[in-house]
Amino acid sequence: MQQEVLPGTRWQHRNGNYYRVRMLVNEHAEDPERYPVMVVYIDDKHRTWCKSVDRFLGGMTLVSG
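Numbering (our numbering), first residue to last: -16 to 48.
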């Protein structure tokens, strides 16, 4: 079962760094192949990152909701 990615949840990358999900984008796109749902997340230094949900979940473990 795939974990649900929600805004505010905290995740740990396989490299040991921690991230907090800010938002999901493209959830309402009419063409999901062209515009996949993306996770926008920040690290502890407030740098912003973005990956598709599939790529995000491939390297992250949920720490807290």
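Positions of the beta carbon are idealized from the N, C-alpha and C atoms, including for glycine.
>> I need the boundaries of the beta strand (DSSP E) containing Asp37, first residue and last residue.
In response: The residue labelled residue 37 in the question sits at position 54 within the sequence shown. Premise fails: Asp37 lies in the alpha helix (DSSP H), 36 to 42, not in any beta strand (DSSP E).
>> Which residues does DSSP list as the beta-bridge partners of Tyr1?
In response: Looking up residue 1 in the sequence shown gives position 18. In DSSP, Tyr1 forms a bridge with Gln(-5).
> Cβ atoms of Ser35 and Pro19: under 8 Å apart, would you say?
Replying inline: Counted from its first residue, the sequence shown places residue 19 at position 36. Counted from its first residue, the sequence shown places residue 35 at position 52. Cβ distance < 8 Å, so Pro19 and Ser35 count as in contact.
> Which stretch, first to last residue, makes up the beta strand (DSSP E) that contains Val22?
Replying inline: As a position in the sequence shown, residue 22 is number 39, starting the count at 1. Unbroken beta strand (DSSP E) run through Val22: 21 to 26.
>> In the DSSP output, what is Val(-12) paired with across the bridge?
In response: As a first step, residue -12 is located in the sequence shown; it is residue number 5 there, counting from the start. According to DSSP, Val(-12) bridges with nothing at all.
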